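Residue numbers (my numbering): -11 to 520.
The structure appears right after this line, and notes come after that.
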Amino acid sequence: MSPQLLRLLSAGLALSTLILALVLAYEGKRIVQMMVLALPAVLCLCWPSRRRGWRVLQMVFAGILGFAFILDAAVRGFLLDVYGASPASAMVIAAVANTTAQEATEFMAMHAGRVWLWAFFVLMSLAIFMATLVGWWRMPSPTWKLAGWRLGGLLLLLTWVVLSLAIKPWRQHHPMLFWTDWVADVSSLREQWANLGEQRQRLMANAQKQKPLTTADAPDTVVLVISESINRGHLSLYGYPRQTTPQLMLRQQTQANRLGVFRHAWSTDASTIAALRNFFYLGQPERAQQHLLALAATAGYQTWWISNHDDLAIDQEHAQLADSVHMLNKTPGRSGLSLDESTLPVLDAALQDSAPRKLIVLHLLGSHPHYQLRHPQERVPFHNAKDGIYQGMKDQGRSTRVRSLRNDYDSAIHYHDSVVAATLDLTRKYGKKAAWVYFSDHGQEVGHAGEHVGHSALTADGYRVPLLLWADAMASLPSSTFLQPVRTDWLGYSVVRLLGIDWLGHVPQQDVLDPMYQWKPPALDMVADFRS
């Protein structure tokens, strides 16, 4: 067998070992992404170097990189095996940040069987990989030159690698970068906890100073459903041509006097963290003096936070103010596969709790990119749709990619409709005197203003959101109330009103349910017609 062929077989065996590790730790498209990032460890073995020094460097480089990917895969595989969680999940980072050396030892002892299993996997994978490198080292120096099609192929693969490193969603998963950032995140969280702990105490103290008291007509249950990346322009409830919200439209027909649909609701932020800070701090996030959950708790509400998000910042700043916290999603970022229906059994249990007054916050993934992951794979009513929406986009010059993403987005909205309707049904079922609120943190641009699809701070659809309120009080409101423009950074005042809380800090001019409400357009990075 020729030296050239031996070297290629050696590189192929090394690549196979890495692929096996990646398959155990990742799934779907992420496996391909990680394979591309791991390619340099294999490509350097194909380089026809004849100098001993260069060959040493090649072997060391391939060994270090291969070890990093194998160890990364083992840790991820272990966490998936034990917790079904990613190392970047809020649960894992928080657990590590809150773990002492003794607790870590006890944890390893409790899961000793799995620890040894994955340690064996690491040792075997490294043994195969290192044996491959040793075999490569002992092979005769190649006689062929790196030129022609060989050079072209290698340059093409290297270009692919460079591009993958230039794309943040790919680059951030490279073990060398991921674990460096991960250690920094754990350290940062430890530092933040002391401040956030003090902040939570301060917020509770500030709430007590406002002397919040529940009024005689306060409800026994309020369910606050906060979704993600929902553009109300894509809801048939708001006039969208595609039937994306049949369940909510049915509820509107059967609950016409109690379900209010606000036609012109706007977020003042195009990203989740900023939008939630604005909402929960009642439009004054820079001061962070009053928090909606602190006010509710001080007034006598038992509070829940049920989330299908995995976001450490939201968990620490908002969720931890609740009495009961349920973070159901264990995979952060856009590739999480957890469906919003997973929140319904937890909501059902919370609604049946014996607490006399309950505020339950439900934080859904909604239509957060990637859209095709936000609904069951068999539920795709608009897959390959060639209807008027599709044709209209085609006439506007939108690419096939954007038209396809619009179909995916609308399928996600259709699924989301059933989950949101189910939360209303559960609230009606268990709440003797209840209220229900639904809105999205921000909107989503899906090919309306151009080729862009996703979060958008520069187009109106990045801020255009739905807002629905269900309560007895809706029946007594004039119809003009639902035609008023509404800002979600002011919405907290209306939620406190629905909670039946009387407190010193109420601002009636910012409460859309108050006769004294006065609309004031927010300062955004774009110009919008707020009555559209």
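All C-beta atoms, glycine included, are put in the ideal place defined by N, C-alpha and C.
Please read these numbers as outputs of a predicted model, since none were measured by experiment.
Scanning its chain for C-beta atoms nearer than 7 Å, with the 5 sequence neighbours on each side dropped, one finds around residue 77 the residues 298, 318, 319 and 320, in chain order.
Secondary structure note for residue 479: its alpha helix (DSSP H) is the uninterrupted segment 479 to 486. The alpha helix (DSSP H) runs lying completely inside the stretch 418 to 454 and spanning 4 residues or more number zero.
Annotated as distal: residue 519 and residue 456, with beta-carbon spacing of 9 Å or more.
Spanning the alpha carbons of residue 254 and residue 84 requires a straight line of approximately 38 Å. Under the three-state reduction of DSSP, residue 223 is assigned to coil, being neither helix nor strand. The three-state secondary structure of residue 290, taken from DSSP, is strand. When only Cα atoms are considered, residue 367 and residue 334 end up about 23 Å apart. No Cβ-Cβ contact shorter than 9 Å links residue 222 with residue 360. Looking only at 163, 207 and 480, the smallest Cα-Cα distance to residue 280 is reached by 480. Only residues of its own chain outside the window of five on either side were considered, and among them 457, 462 and 470 have a CB closer than 6 Å to the CB of residue 248, listed in chain order.
In chain order, 153 place their CB closer than 6 Å to the CB of residue 159, counting only its own chain and leaving out the 5 sequence neighbours on each side. For residue 331, the closest C-alpha among the options 410, 261 and 357 is that of 410. Taking each of 171, 188, 89 and 55 in turn and checking the Cα distance to residue 75, the smallest one comes out for 171.
In this model, residue 496 and residue 269 are separated by some 16 Å (Cα to Cα). Under the three-state reduction of DSSP output, residue 7 falls in the helix class. Residue 254: member of the beta strand (DSSP E) spanning 247 to 254, first to last residue. Annotation: the continuous beta strand (DSSP E) that includes residue 209 extends over 209 to 215. Here the alpha carbons of residue 474 and residue 209 stand approximately 24 Å from one another.
Taking 3 residues as the minimum length, the beta strand (DSSP E) runs contained wholly in the stretch 327 to 393 are 346 to 351, in order along the chain.
Within the DSSP secondary-structure output, residue 473 pairs in a beta bridge with 252. Relative to residue 202, the option among 283, 50 and 468 whose CA is nearest is 283. Here residue 29 is actually not in contact with residue 8; their C-beta atoms are around 14 Å apart, not less than 8 Å. In the three-state reduction of the DSSP assignment, residue 507 falls in the coil class. Residue 489 carries a strand assignment under DSSP once its states are collapsed to helix, strand and coil. DSSP places residue 237 in no beta strand (DSSP E) but in the uninterrupted alpha helix (DSSP H) bounded by 234 to 242. Counting C-beta pairs closer than 8 Å gives fewer than three between the stretch 382 to 389 and the stretch 422 to 431, which falls short of the contact rule.
One Cα belongs to residue 436, the other to residue 449, and the distance between them is close to 8 Å. Residue nearest to residue 112 within the set 55, 144 and 238 is 55 (criterion: CA-CA distance). Around residue 485, the same chain offers 499 and 501 as residues with beta carbons nearer than 6 Å, after the five sequence neighbours per side are excluded. In this structure, the straight-line span from the alpha carbon of residue 517 to that of residue 213 is close to 26 Å.
By the 16-neighbour rule on beta-carbons within 10 angstroms, residue 89 is exposed. Exposure of residue 144 is indicated by the presence of fewer than 16 other C-beta atoms within 10 angstroms of its C-beta. Runs of the beta strand (DSSP E) lying entirely within the stretch 38 to 118, each at least 3 residues long, are absent.
A check of alpha carbon separations from residue 175 across 443, 81, 414 and 259 identifies 81 as the nearest. By a beta-carbon distance limit of 8 Å, residue 510 contacts residue 256. Their separation comes to about 4 Å.
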